[in-house]
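Here is the structure we will look at.
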Amino acid sequence: MVVSNKGVLFKAIPTGHPVIGEHFEVVDRTIDIENFKLGENELILKNAYISLDPYIRERMREPHIESYIPPFHVGKVMVGDGTSVVIKSTHPQYHEGDIVAGFTGWEEYTHIKENDEEMNATGRFCLNHAKDSSFPLTHHSHLLRIHGLTAYRGLINFGNPKKGETIFVSTAAGAIGHLVVQIAKIKGLYVVGSAGSDEKVDFLLNTLKIDAAFNYKKVDIDKALSKHCPDGIDIYFDNVGGEILDRVLLHCNRFARIVVCGMISQYNIRNQKEKYGIKNLDQVFAKSINIIGYLISDFWTINNDTFSKDMEEWLESGKLIYKEDITIGIDNIPQAFLDMYAGKNLGKSAVKISDL
1 MVVSNKGVLF
11 KAIPTGHPVI
21 GEHFEVVDRT
31 IDIENFKLGE
41 NELILKNAYI
51 SLDPYIRERM
61 REPHIESYIP
71 PFHVGKVMVG
81 DGTSVVIKST
91 HPQYHEGDIV
101 AGFTGWEEYT
111 HIKENDEEMN
121 ATGRFCLNHA
131 KDSSFPLTHH
141 SHLLRIHGLT
151 AYRGLINFGN
161 PKKGETIFVS
171 TAAGAIGHLV
181 VQIAKIKGLY
191 VVGSAGSDEK
201 VDFLLNTLKI
211 DAAFNYKKVD
221 IDKALSKHCP
231 DGIDIYFDNV
241 GGEILDRVLL
251 HCNRFARIVV
261 CGMISQYNIR
271 NQKEKYGIKN
281 LDQVFAKSIN
291 IIGYLISDFW
301 TINNDTFSKD
311 MEEWLESGKL
321 IYKEDITIGI
331 DNIPQAFLDM
341 YAGKNLGKSA
351 VKISDL
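One point on numbering: in full-length UniProt numbering, the residue at position 36 of the sequence shown is 36, and numbering is uninterrupted.
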């Protein structure tokens, strides 16, 4: 059975903003599933959803540059987190019809090998329980897994929130930010968020009901923080880095915690001399500020039962809203990725490429 297996090919390393056709593009391919010979402990997956995340830009780099995640290989299909169904397997842990989540190709079907450095077969998250769940599949693969855990652990473990404190969240209407602001409200904090459009500010204020929000593109950051955080900032959940991080340092209270989840404002800048240099670092020791960065992989091996229990309870009770921005069709992955990176998405961005 020969079927279409369109995929997004990484063509060249961008030095600035990625360009469709020049740096990555959808290519036509096929796969003969029936006659495909699997080796030991291998899988063929039919991909249903591809998650679009800012870290993908970090993988579009030169091979010699070290980072926390391997670079993409020019000439090969791009890889990211995805939700798939197993359609062929020689792996004892996975069977035909299983729903799984983990790294997969930006393509319709993916061949998973046991010892692949990017898409190892062992360790995939089995989501068969989602078949009988009242929650949508994407809630299980995104909210109740990587993205929810990123927001939850970042705020709870490192933000150490205390009722009555003030938290400021950048990219507050994004995949992680819109969860952080809601968890912070549940924990009794005064919540302030920034976003890049009036539509997102309206979403934060009138849908998520946070205490204050502003469009950072239309205001002076210092004045906005003084206005909306009159008692100073106790926790800053940082998704952007750069100038906003620099300005926040001036508004932090003594013993403030800065949780660094990402620095999206700096990812497209490949020349180190052009990256934004933080000017107010003296505030760190002057105010005893704690700055900590983290990766969600730091939490894979610990018990996350409390996270799962809390998130499901908050969802069922209506205390937490999960906003998704789903694009349809594999041909639209490149543009959807650029739109997400430009901040045009509201909530979690993903692409649906097939039904299970």
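In this text, a Cβ means the ideal position worked out from N, Cα and C, and glycines have one as well.
Under 8 angstroms: do the segment 329–337 and the segment 153–167 share three or more Cβ pairs, one atom per stretch? no
Using 9 angstroms as the threshold, is the C-beta distance between F125 and G102 below it? yes
Taking R247 as part of the beta strand (DSSP E), name the residues at either end of that continuous run. From DSSP, R247 is part of no beta strand (DSSP E) but of the alpha helix (DSSP H) over G242 to H251.
So what's K200 in DSSP terms, helix, strand or just coil? helix
Pairing CB atoms from the segment 166–180 with CB atoms from the segment 194–211, are three or more of them under 8 angstroms? yes
Just how far apart, CA to CA, sit D132 and L144? 15 angstroms
Report yes if the C-beta distance between V100 and L189 is below 9 angstroms; otherwise report no. no
Which residue comes first and which comes last in the alpha helix (DSSP H) that contains F306? First, the amino acid is wrong: residue 306 is Thr here, not Phe. From DSSP, the alpha helix (DSSP H) with T306 extends over D305 to S317.
Can you round the beta-carbon distance between K323 and G347 to whole angstroms, since I take them to be within the 8 angstroms contact cut? 3 angstroms
Looking at C-beta atoms only, is the number of pairs between the segment 61–71 and the segment 301–318 that lie closer than 8 angstroms three or more? no
D234 versus T306, K200, N215 and I291, residue with shortest Cα-Cα distance: I291
Close Cβ partners of A184 (< 7 angstroms) along its chain, the five nearest in sequence each way excluded: L155, P161, I167 and V191
Please classify T171: does DSSP put it in a helix, a strand, or coil? coil
Less than 7 angstroms between C-beta atoms, sequence neighbours within five positions excluded: which residues of the same chain meet that for P54? G262, I264, Y267 and Y341
So for I4, helix, strand or coil by DSSP? Reading off the sequence shown, one finds Ser at residue 4, where the question assumed Ile. S4 falls in the strand class under three-state DSSP.
A256 beta carbon less than 9 angstroms from that of Y236: yes
Using only CA atoms, which one of S354, L338 and V351 lies nearest to P21? In the sequence on display, residue 21 carries Gly and not Pro. That would be L338, whose Cα lies nearest to the Cα of G21.
Could one say the Cβ of C261 lies closer than 9 angstroms to chain D's Cβ atoms, at least one of them? Here there is only one protein chain, and chain D is not present.
Under 9 angstroms between the Cβ atoms of I330 and I50? yes
With a floor of 4 residues, list each alpha helix (DSSP H) that falls wholly inside the segment 49–109, ordered by position along the chain. 55–59
Is it right to say S254 is buried, meaning 16 or more other beta carbons lie within 10 angstroms of its own, or is it exposed? According to the sequence provided, residue 254 is Arg. The question's Ser does not apply to it. Classification for R254: exposed.
In this structure, what does DSSP give as the bridge partners for C126? V100
Does the distance from the C-beta atom of T104 to that of G39 stay below 9 angstroms? no
Compute the Euclidean distance between the alpha carbons of V3 and D355, then round it to the nearest angstrom. 15 angstroms
When you compare only the Cα positions, how much space is there between G232 and H140? 36 angstroms
Between V169 and G193, which are expected to be in contact by the criterion C-beta below 8 angstroms, what is the C-beta distance as a whole number of angstroms? 5 angstroms
L281, buried or exposed, once every other Cβ within 10 Å from all chains shown has been counted against 16: exposed
Whole-number beta carbon distance between A48 and S84, since they are thought to touch under 8 angstroms: 6 angstroms
Only counting the same chain, and skipping five residues up and downstream in sequence, which positions put a Cβ closer than 8 angstroms to that of T301? none
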